Each structure stands twice: as structure tokens, then as C-alpha cells.
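Working notes, beginning with the structure itself.
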Amino acid sequence: MSITVTALKWAPPFAQGNVRDHRIRWILNEVGWPYDCRLLDSADQLDPSYLAKQPFGQVPVLEETGRPPLFESGAILLDVAQRSGQLLPADEGQRALSVSWLFAALNSLEPYFANLAEVDFFIEDADVKEKRRPGVVKAICQRLEQLSNALGDRNYLVGESFTIADLMTASVLKILAHTDLLEDFPNLVAYRDRCLGRPAYKKAIADQRADIARHTPADMKYELRKKL
8 MSITVTALKW
18 APPFAQGNVR
28 DHRIRWILNE
38 VGWPYDCRLL
48 DSADQLDPSY
58 LAKQPFGQVP
68 VLEETGRPPL
78 FESGAILLDV
88 AQRSGQLLPA
98 DEGQRALSVS
108 WLFAALNSLE
118 PYFANLAEVD
128 FFIEDADVKE
138 KRRPGVVKAI
148 CQRLEQLSNA
158 LGDRNYLVGE
168 SFTIADLMTA
178 SVLKILAHTD
188 LLEDFPNLVA
198 YRDRCLGRPA
208 YKKAIADQRA
218 DIARHTPADM
228 KYELRKKL
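As numbered in my numbering, the sequence shown has no gaps in its residue numbers, which increase by one up to the final residue, 235.
This is the structure in C-alpha cells:
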């Protein structure tokens with residue numbers, strides 16, 4: 008088995024440790040599957056050969072000998088968990104519930120958190136930012152309260168063990184790391200820290216940051232992308 012994961016050569020400081028290839032590095036570390044990384048620049052992302060594998064030019068893509076390339080981090084997590092027989096409960100009902108939570112993290116949580124990242128890191132107009140941010144924060148706090156209530160006093164979302172539901176949910180919670188919004192929910196803080204304390208996660212982040220540290224913004228060739 009030969010596995011390659013695509014990642015970016017460089018990312019701005021707020022994105023380092025959050026670029027979504029860390030999710031794939033994390034699960035591959037968890038299941039013990041070795042992999043290599045193919046680092047992309049901005050022009051690579053729009054190359055027709057890459058768009059044939061990832062139609063939106065994003066990372067990550069998981070390429071594996073003898074199989075079609077896979078894109079979308081949630082789909083890759085599910086595929087690896089199913090094939091490895093790890094990070095999913097043995098009970099059929101709980102397996103299905105874990106998959107539900109995997110999609111909930113991507114559809115019911117991440118878009119709300121990403122809205123705040125857009126406001127805080129990408130909107131330059133101070134008036135627009137000031138007007139939009141309170142509504143975005145209010146929506147996030149509602150979602151956090153719902154997640155907190157669903158988790159309760161359990162260690163993990165489904166069953167007694169860490170699953171892909173927790174991997175994705177903890178990864179999504181990281182988007183709020185530049186804020187204190189999670190602090191009003193002690194069970195979510197403990198849950199996040201429990202998941203992110205796993206050695207497989209720590210290695211994934213260290214490896215991603217090491218790849219980024221070897222490059223600069225110039226390596227991303229943004230000027231070439233503008234010409235395409």
C-alpha cells in the first residue's frame with residue numbers, strides 16, 4: 008500500500024495547524040498507515056491534472072495505489088475508518104450514529120465557525136466586520152450550547168471510545184481557537200483537549216507545521232494563479 012496526501016507548501020499563521028490535510032494525517036497516524044505528502048502551490052491547485060482529482064482545487068486528496076483518488080476530508084475519514092476497521096464502533100447502530108456525527112461536524116458546525124473565521128481574518132472593512140460579527144457569534148454560541156447538551160458528561164460523542172465523529176468534531180472546534188467562545192462550555196473544552204491530546208493528532212500537526220516552516224509565501228506562486 009502506497010498512500011500520498013496532498014497539502015499546501017505554505018499557509019498564513021492563522022491557518023497553520025488548521026489546513027484540512029491535518030485531518031487525514033491524523034487518521035492515518037491513528038490507524039498506523041504510513042503515507043507521503045505531496046506539497047502543492049497555488050498554481051498546482053489549478054492544474055488540470057489536479058482538478059481531475061479534486062474538482063475544486065482544494066486539499067487534501069488521498070491517492071493510493073490501485074484505488075481512485077479521494078477528496079473531501081470527511082469522505083476520506085470514513086473510507087479509512089471503514090477499511091482499517093478502526094475508529095468506528097463495532098455495534099451497527101453506534102457505527103451509524105458515528106457517521107451521523109461526522110456529517111454533523113461538517114454541516115451543522117463547521118459552516119458557522121468558518122463564518123467567524125471569514126469575519127475575523129478576511130473582512131477588511133471595519134464597519135462591515137463590526138456589524139456582521141455579533142450575529143455570527145450568536146449563531147455559533149447556539150450551536151455550541153446544542154453540542155454541549157448532546158455531549159453531556161460523556162468522554163466521547165458515541166460509545167466509550169474515540170471515533171471519527173470525535174476526530175472531525177475536535178478538528179472543527181479548532182477553528183474557534185483564536186476566540187474564547189468555547190470557555191463557557193467546560194465539557195466542550197475538556198472534550199476538545201482530550202481529543203487533541205492524542206499522540207496521532209500531535210504528530211499530524213507537527214508534521215504539517217514542519218512542511219509549512221520549510222516554505223514561504225513566495226513558494227505558493229500566487230502571482231501565477233492570478234494569470235491563469
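Backbone N, C-alpha and C define an ideal beta-carbon position, used for all residues, glycine too. Just so we're clear, the structure is a prediction, and the values are computed from it rather than from any experiment.
With DSSP collapsed to three states, give me the class of residue i.
i: R205; result: coil
i: A14; result: strand
i: L95; result: coil
i: L195; result: helix
i: R221; result: coil
i: G166; result: coil
i: E79; result: coil
Which same chain residues end up closer than 6 Å to residue i when comparing Cβ atoms and leaving out the 5 residues on each side of it in sequence?
i: K60; result: V68 and P76
i: A211; result: H29, R32, W33 and N36
i: C44; result: V12 and A14
i: L113; result: G81
i: E70; result: T11 and P76
I'd like the list of long-range same chain contacts for residue i, defined as Cβ closer than 7 Å, with 5 residues on each side in sequence excluded.
i: E79; result: none
i: L84; result: R30, I34, L109, I171, L174 and M175
i: D98; result: none
For the alpha helix (DSSP H) containing residue i, name the first residue and the last one.
i: L189; result: Note, L189: premise wrong, no alpha helix (DSSP H); not H, not E.
i: V144; result: A133 to L158
i: L123; result: E117 to F128
i: L183; result: Looking at the DSSP string, L183 is not in any alpha helix (DSSP H), and its letter there is neither H nor E.
What residue does the beta strand (DSSP E) around residue i start on, and which one ends it?
i: V68; result: V68 to E71
Beta-carbon within less than 8 Å of residue i's beta-carbon, same chain only, minus the 5 sequence neighbours each way: which residues are those?
i: D191; result: C148 and L151
The stretch 161-181 contacting the stretch 195-210, beta-carbon criterion three pairs below 8 Å: The answer is yes - the stretch 195-210 touches the stretch 161-181, with three or more Cβ pairs under 8 Å.
Cβ contact (3+ pairs, closer than 8 Å) linking the stretch 148-159 and the stretch 46-55: Verdict: no, contact absent.
Uninterrupted beta strand (DSSP E) stretches inside the stretch 21-77 (no shorter than 3 residues): 43-47 and 68-71, all fully within the stretch 21-77.
Cβ pair count under 8 Å reaching 3, the stretch 110-130 against the stretch 175-194: At 8 Å Cβ cutoff, the stretches touch.
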